[in-house]
Amino acid sequence: MATSSSDDGFEIIEDHQIPLRPANAGTTAVTENLTQEPILTIHSIPNKDSMIVSIQPPLKPENDVPHVPCDIVLVIDISGSMNSSAPIPTGERGGEDTGLSILDLTKHAARTIIETLNENDRLAVVTFCTEVKVAFELDFMNKENKSMVLRAINKLYGTSSTNLWHGIKEGLKVLTATPVRENVQSLLVLTDGAPNHMCPAQGYVPKLRQTLLDHRNSTGSLPLIHTFGFGYYLRSPLLQSIAEIGGGIFAFIPDAGMIGTVFVHAVANLFSTFTPQAKLILQGDSSSELRVDLGSKPGLELEKSTGNGISLRLGSLRYGQSRDIIIHYGKSSKSRTVNMQGKLVYTAGGETREIEVQKMAHIDEISVSQAVCDYHLMRSRLCTLLRTFHPLEDTAENFNFPTTDIEDIRTKLESLATEIKGLSQSDEYNLSLFEDIAGESPHGQISMALSSTEFYGRWGQHYLLSILNAHVNQLCNSFKDSGPLMYGKDSPLFNKCRTELDEVFDNLPPPKPSRSVPTLPPGVSRPAMRMSHYNRSSGPCFTGSCRVRLAGSGSERVSPTIPIEYLRPPVSVWTPQGPRKVRAVLQSIVKDVEICEIDCLQITPWHPMKFQGKWEYPINMTNGDAQAFSGNIYSVLLEPDSNPDAHAIMVEDHICVTLGHGILQGDIRAHELFGNYQLVIKQLELLPKLPNGLLHCVGVERSPESGRICGLIGYNHLLKAEPKCQVDGSYTGSIRVTSI
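Be aware that the sequence shown starts at 1, since it is given in the UniProt record's numbering, and climbs by one per residue.
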């Protein structure tokens with residue numbers, strides 16, 4: 001994307017549409033696939049004896065459909081531990097106890113899925129504890145059947161042991177009855193612990209492998225098996241192994257605050273499936289020895305390859321998102337070319353189809369940009385390192401890497417992060433990888449997972465598997481991590497499904513708590529429960545961030561939303577005057593500042609927002625109530641516009657003013673600095689730019705005459721000058737800090 005410099009020093013983005021197919025997709029020749037057939041391409045990586053094999057599914061289905069029709073079997077753990085409390089994470093140890101259990105939230109997630117299904121979809125519910133039961137047989141989700149399955153889910157309660165194997169086995173059995181060939185079949189398995197009853201003697205992987213092969217022989221198809229692990233007492237390598245053999249993914253749900261975003265993304269990916277089963281077959285000439293990079297392998301194979309060349313099971317492919325595989329070759333001759341044949345075998349509408357490509361790849365040929373090559377090589381190297389934490393046992397199941405041996409891998413990750421940082425200055429995809437590994441809070445979760453044996457043992461071992469799945473399979477699995485947010489962002493179907501599921505989860509009536517709630521003192525009322533509290537992007541140890549609504553083709557209510565901490569120029573956001581591009585995002589770390597909470601919105605007390613058609617101060621809407629907050633807060637500057645209403649964004653369904661709106665007097669929004677666009681620009685130019693693209697502010701400068709804010713302070717400026725920075729309630733949001 002071309003850029004130029006303005007007089008004020010900011011980069012100006014050329015006003016044309018971002019390609020629907022991002023640069024990381026593996027080719028610059030194809031920006032989007034508007035056909036209904038996948039595109040298979042092979043590209044050399046210069047001087048690396050390697051190539052990128054890229055599979056680009058169609059951008060979207062041929063017909064305008066709500067989602068791809070699905071057969072879903074919910075395999076739900078109802079063992080006694082599922083009755084454990086699921087408090088809202090508040091940033092403090094313990095969180096707020098609402099009386100909801102893990103099973104209560106699981107049932108709410110199930111209701112969300114059911115609510116978004118239609119008469120072309122089928123659903124079944126299988127429960128497992130000591131015994132296994134089909135709580136609802138596979139059936140189409142018309143209005144009557146939806147009511148019946150909801151009643152069945154409401155009756156679930158936790159008891160006794162965890163018989164995981166027979167739960168999976170029964171779920172597969174349910175799918176053998178009356179198959180609908182056009183529907184994507186999947187098992188969604190959710191558990192909070194380790195199986196402890198009737199485990200297969202020969203091991204889960206050998207037993208499941210044979211069971212799936214028998215299932216394919218009898219039905220002609222294979223379902224996807226996705227596993228979800230809730231909490232910290234998981235046998236996550238086993239759940240990973242089950243997902244790999246089942247062609248699915250493992251997702252880690254650390255606490256109640258993540259259950260919404262994880263389920264929403266998992267089902268949105270399912271709803272945007274182009275093919276549930278794809279296999280890549282590659283054959284080189286006699287002088288080449290082909291090898292799949294370890295970081296590109298989806299994991300355990302269902303069956304061994306036969307013959308020469310490579311046969312790689314890819315699992316599912318999704319509309320609008322490429323799969324890009326790194327292949328290495330050894331040359332036994334001095335030839336500068338490799339003759340490659342590639343074939344993609346996939347299912348669509350219950351039929352098996354193939355596409356083939358033949359390419360004479362020149363070793364030094366440059367057919368994609370260096371940034372594309374760098375991104376996929378770095379992504380694959382990251383996945384290779386993450387793979388080392390879960391080697392295979394003799395039973396072919398993954399197991400945890402000893403915590404005493406992580407220092408060497410930690411050093412390698414630090415080295416990789418340094419390399420990626422050098423590539424990320426002008427490339428958002430490499431930047432996203434750097435943020436995953438070593439970005440500033442709330443990013444850098446990979447490094448944090450390895451920062452101590454305590455972190456690794458408690459949550460890191462589970463989290464690293466989950467993010468590995470996202471990067472290997474190139475899918476977005478939550479709102480939390482920057483790298484996975486790159487996947488699916490240009491898929492219209494995925495984004496539509498994600499938005500719908502997100503809103504349904506938040507807006508369904510909250511479940512009735514099954515646990516007793518602590519008694520409050522006389523005169524103290526309990527705040528109303530909102531399910532959005534259980535649908536946050538923050539992981540362990542981090543506070544959540546409010547969601548800003550992006551520009552969309554429909555009304556603001558159906559446009560996608562993202563946490564404001566992930567907002568970057570030049571993304572377009574919703575404003576009352578139509579889409580506007582973001583020009584800058586300001587971030588500051590604050591300590592013990594006042595924050596008003598209005599619904600899910602957390603906002604500084606004097607930041608103007610609209611209420612019933614009028615601009616108001618948040619502090620007046622909460623009757624003076626505010627809470628202390630420490631962490632990062634964000635402000636936004638949009639592109640210039642003479643209309644003040646074009647300088648407002650929707651955050652958590654509330655319209656809030658942005659910087660540089662042009663109003664200097666006669667309005668509640670008026671401010672000498674924050675209303676003056678050019679003054680805001682000049683102040684932002686003084687601030688350092690973080691590697692993630694955000695501008696960083698540590699304090700404010702006040703006018704000695706009026707006491708009002710007249711300047712912003714970066715860290716370097718603060719060291720050189722002597723301003724007396726203090727807490728202020730102005731509506732910059734991120735500017736309310738104390739001096740250091």
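The beta-carbon is built from N, C-alpha and C at its ideal position, and this holds for glycine as well.
- Here the stretch 112–130 lies against the stretch 499–511, with 3 or more beta-carbon pairs under 8 Å apart.
- Assignment of alpha helix (DSSP H) within the stretch 111–163, counting only whole runs of 4 or more residues, yields 143–154 in chain order.
- Beta-bridge partners of V75 (DSSP): V126, V189.
- In this structure, R318 lies near L475, with their beta-carbon atoms less than 8 Å apart.
- Taking the CA atoms as reference points, T499 sits about 35 Å from H671.
- Measuring C-alpha to C-alpha distances from D625 to each of L550, M82, P605, V636 identifies P605 as the nearest.
- Per DSSP, H661 lies in no beta strand (DSSP E) and is assigned neither H nor E.
- For P57, the closest alpha carbon among the candidates M378, G488, T178, S514 is that of G488.
- Between the C-alpha atoms of P179 and V636 there is a straight-line separation of about 51 Å.
- Taking a contact to require three or more Cβ pairs closer than 8 Å, the stretch 33–44 and the stretch 285–303 do not qualify as touching.
- Look at K412 here: in three-state DSSP terms it is helix.
- DSSP places Q602 within a strand segment (E or B) once states are collapsed to three.
- Rounded to the nearest angstrom, the Cβ distance from L493 to P61 is 7 Å, consistent with a contact under 8 Å.
- Distance from the CA atom of E428 to the CA atom of I168, rounded to whole angstroms, is 40 Å.
- Every unbroken stretch of the beta strand (DSSP E) spanning 3 or more residues and falling wholly within the stretch 636–694 is given here in chain order: 648–651, 654–657.
- Residue environment: Q358 is assigned as exposed (fewer than 16 neighbouring CB atoms within 10 Å of its CB, all protein chains considered).
- The beta carbon of R122 sits closer than 8 Å to the beta carbons of C70, D71, I72, L138, D139, F140, M141, V180, N183 from its chain, once the five residues preceding and following it are set aside; these are given in chain order.
- Taken atom to atom, the span from the alpha-carbon of I55 to that of D285 is near 21 Å.
- Taking every protein chain shown into account, the CB of I663 has 16 or more other CB atoms within 10 angstroms, so this residue is buried.
- Excluding five sequence positions before and after P579, the CB atoms of its chain that fall closer than 6 Å to its own CB belong to A551, S572, given in chain order.
- Within the model, the alpha-carbon separation for Q678 versus Y566 is close to 25 Å.
- For E356, the closest C-alpha among the options D77, L382, G342 is that of G342.
- In this model, G320 and Y346 are separated by some 16 Å (Cα to Cα).
- Short of 6 Å from the beta carbon of E594, and not among the five residues preceding or following it, lie these beta carbons of its own chain, in chain order: P605, A626.
- Take G444, set aside five residues on each side of it, and the residues of its chain with a beta-carbon closer than 6 Å to its own are A438, in chain order.
- Going by beta carbons, V132 and H166 fall inside the 8 Å limit.
- Residue environment analysis places D599 among the exposed positions, since fewer than 16 neighbouring C-beta atoms fall within 10 angstroms of its C-beta.
- Around the C-beta of L694, 16 or more other C-beta atoms lie within 10 Å, and the residue is accordingly described as buried.
- The beta-bridge partner set that DSSP reports for L290 consists of Y329.
- P618: member of the alpha helix (DSSP H) spanning 618–621, first to last residue.
- Around the beta carbon of L175, 16 or more other beta carbons sit within 10 angstroms, so the residue counts as buried.
- With respect to the C-alpha of L208, the residue from G231, S236, S241 having the closest C-alpha is S241.
- Annotation for H197: T130, S161, T162, N163 place their beta carbon closer than 7 Å to its own, counting only its chain and skipping 5 residues before and after.
- At the C-beta level, N83 and L105 stay beyond 8 Å of one another.
- Under the three-state reduction of DSSP output, P276 falls in the strand class.
- Relative to the Cα of L386, the nearest Cα in the group S367, Q461, D374 belongs to Q461.
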